[in-house]
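**Student:** For the sequence shown, full-length UniProt numbering assigns the number 1 to the initial residue and increments by one for each residue that follows. A virtual CB, placed ideally from N, CA and C, is assigned to each residue, including glycine. Got a structure for you, questions after.
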Amino acid sequence: MTQPETLAVFADTSFEDAFAKIAPLFKEKSGCTLQLTFGQSGALRTDIEGLMPCDVFCSADEASPAALQKAVKAHELFAFAGNRLVVATRSERRFQNQDWAEILCDPSTTIGMSTPRVSPEGDWAALLFKNIARALPGRLGSRIVGQHAVALIGGNHTDEQLDRETGAHFMLSHEGIDAAVVFESASERMKAEGLMLHPIPDSVCPKIVCWGCFPRTGKAPGSLKKELEALLLSPEGQTLLQGCGFLPAPANA
1 MTQPETLAVF
11 ADTSFEDAFA
21 KIAPLFKEKS
31 GCTLQLTFGQ
41 SGALRTDIEG
51 LMPCDVFCSA
61 DEASPAALQK
71 AVKAHELFAF
81 AGNRLVVATR
91 SERRFQNQDW
101 AEILCDPSTT
111 IGMSTPRVSP
121 EGDWAALLFK
131 NIARALPGRL
141 GSRIVGQHAV
151 ALIGGNHTDE
161 QLDRETGAHF
171 MLSHEGIDAA
181 VVFESASERM
191 KAEGLMLHPI
201 PDSVCPKIVC
211 WGCFPRTGKA
221 PGSLKKELEA
231 LLLSPEGQTL
241 LQGCGFLPAP
251 ANA
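This is the structure in structure tokens:
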């Protein structure tokens, strides 16, 4: 049987830079072109549930692939990368001597985030807010961080045409937004945009794992799908992912 010329891949927007490097490498190794569709993982999952053809789905969380698997609409889940959250602000004097907790717990800070249940970045941010309440019970403002957060990416809030700017830059360009909780994988691009990044400690930051799966709407043979999985998990693929700001694939996922 003739090998298909394309492999349909749906991937979270956070992987856009990484797949720009992975796609030509996969073409070189397999002779197959990746047909890439980027979007928020929750929206992509909805498309797959609506029977959109997709061979490999790469999500910034486990929830969307697991939901497809539970509905018997995907199989063979695999973890292939990790990530973190970071607080991004404009490079202003008022933020230079503040850490992440001082910024987020200040009730006067308006926080930009992605939309939960549509974007994994938004779901992870919501989990972060819960972690802050548990980890800093005596700190003023720690229990109400989520109350001064505004969802600005995903859902009905934007068409997500960010014109190559990062989500953090997009959110911080809105009047009144002081900080953004976003994936750390875009840190180099955010710094190039002149943004200031405030790291969140492991004790509070959710452990983010990125997962892939093989939706049943795909048309390509399983061997070709497994070839992409193998590339993502190979030393070469992991080097490319980590060069784009992702963490290594967890060994015990």
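Following the continuous beta strand (DSSP E) through E76, name the residue where it begins and the one where it ends.
**Tutor:** Locating residue 76 in the sequence shown gives position 76, counting from the first residue. Run containing E76: A74 to N83, per the beta strand (DSSP E) assignment.
**Student:** Let me check understanding here. Comparing Cα to Cα, which of T115, R117, S119 and N131 lies closest to C105?
**Tutor:** One-based indexing of the sequence shown puts residue 105 at position 105. Nearest of T115, R117, S119 and N131 to C105, Cα basis: N131.
**Student:** Which first and last residues belong to the alpha helix (DSSP H) in which L231 is found?
**Tutor:** Taking the first residue of the sequence shown as position 1, residue 231 is located at position 231. First-last of the alpha helix (DSSP H) with L231: G222 to L233.
**Student:** Which value, in whole angstroms, describes the spacing of the CA atoms of A71 and W211?
**Tutor:** Numbered from its first residue, the sequence shown carries residue 71 at position 71. Numbered from its first residue, the sequence shown carries residue 211 at position 211. Their Cα atoms are separated by approximately 17 Å.
**Student:** On the DSSP bridge list, what partners appear for I208?
**Tutor:** Residue 208 sits at position 208 when you count from the first residue of the sequence shown. Paired residue(s): N83.
**Student:** Return the Cβ separation of M171 and G112 in integer angstroms, given the expectation that the two are a contact with Cβ distance under 8 Å.
**Tutor:** Counted from its first residue, the sequence shown places residue 171 at position 171. Counted from its first residue, the sequence shown places residue 112 at position 112. Their Cβ separation, rounded to whole angstroms, is 3 Å, which keeps M171 and G112 in contact under 8 Å.
**Student:** With H169 as the anchor, note down where its alpha helix (DSSP H) starts and where it stops.
**Tutor:** Counted from its first residue, the sequence shown places residue 169 at position 169. Run containing H169: G167 to L172, per the alpha helix (DSSP H) assignment.
**Student:** One question on the structure: do I144 and P107 come within less than 8 Å of each other, judged by their Cβ atoms?
**Tutor:** As a working mapping, residue 144 is identified with position 144 in the sequence shown. As a working mapping, residue 107 is identified with position 107 in the sequence shown. Yes, these two residues count as a Cβ contact at 8 Å.
**Student:** Whose CA, out of L224, L231, S234 and L241, lies closest to the CA of E5?
**Tutor:** Working through the sequence shown from its first residue, we reach residue 5 at position 5. The shortest C-alpha separation from E5 is found at L224.
**Student:** Among V86, E76, T37 and Q69, which residue has its Cα nearest to the Cα of F183?
**Tutor:** Residue mapping note: residue 183 aligns to position 183 of the sequence shown, counting from 1. The shortest C-alpha separation from F183 is found at V86.
**Student:** With 16 as the cutoff for other CB atoms within 10 Å, does H169 come out buried or exposed?
**Tutor:** As a first step, residue 169 is located in the sequence shown; it is residue number 169 there, counting from the start. Buried, by the Cβ-count rule.
**Student:** Taking the alpha carbon of F38 as the point to measure from, which residue in K29, N97, V56 and P24 has its own alpha carbon closest?
**Tutor:** Translated into positions along the sequence shown, residue 38 becomes position 38. It is V56.
**Student:** Going by DSSP in three states, Q35 sits in which element: helix, strand or coil?
**Tutor:** Indexing the sequence shown from 1 puts residue 35 at position 35. Looking at Q35 - three-state DSSP - the assignment turns out to be strand.
**Student:** Under a three-way DSSP split, which group does D99 fall into?
**Tutor:** If you number the sequence shown from 1, residue 99 lands on position 99. Reduced to three states, the DSSP call for D99 is coil.
**Student:** State the start and end residues of the unbroken alpha helix (DSSP H) segment that holds P120.
**Tutor:** If you number the sequence shown from 1, residue 120 lands on position 120. First-last of the alpha helix (DSSP H) with P120: P120 to A135.
**Student:** Considering only the alpha carbon of each residue, which of T109, L34 and Q238 lies closest to G218?
**Tutor:** Translated into the one-based positions of the sequence shown, residue 218 becomes position 218. That would be L34, whose Cα lies nearest to the Cα of G218.
**Student:** In this structure, does DSSP put G112 in helix, strand or coil?
**Tutor:** Mapped onto the sequence shown, residue 112 falls at position 112. Looking at G112 - three-state DSSP - the assignment turns out to be strand.
**Student:** Go through its chain and collect everything with a Cβ distance to S91's Cβ below 6 Å, but skip five positions before and after it.
**Tutor:** By one-based count along the sequence shown, residue 91 stands at place 91. So the list reads G194 and M196, once near-sequence residues are dropped.
**Student:** With DSSP as the reference, label P107 as helix, strand or coil.
**Tutor:** Counted from its first residue, the sequence shown places residue 107 at position 107. Three-state result, P107: coil.
**Student:** Which of the three DSSP states is assigned to I144 in this structure?
**Tutor:** The residue given as residue 144 occupies position 144 in the sequence shown. In this structure, I144 counts as helix in the three-state DSSP scheme.
**Student:** Considering only residues of the same chain and omitting the five flanking positions on each side of T109, which have a CB-CB separation below 6 Å?
**Tutor:** The count along the sequence shown starts at 1 and reaches residue 109 at position 109. Same-chain partners within the cutoff: I103, D178 and A179.
**Student:** Could you give the first and the last residue of the continuous alpha helix (DSSP H) run that contains S59?
**Tutor:** To locate residue 59, count along the sequence shown from 1; it is residue 59. Counting along the chain, S59 falls outside any alpha helix (DSSP H), though it belongs to the beta strand (DSSP E) covering V56 to S59.
**Student:** On the DSSP letters alone, give me the boundaries of the beta strand (DSSP E) that T6 sits inside.
**Tutor:** As a first step, residue 6 is located in the sequence shown; it is residue number 6 there, counting from the start. Counting along the chain, the beta strand (DSSP E) containing T6 begins and ends at T6 to D12.
**Student:** Can you tell me whether L7 is buried or exposed, with buried defined as 16 or more other CB within 10 angstroms of its CB?
**Tutor:** Here residue 7 refers to the residue found at position 7 of the sequence shown. With a threshold of 16 other beta carbon atoms within 10 Å, L7 meets it and is buried.
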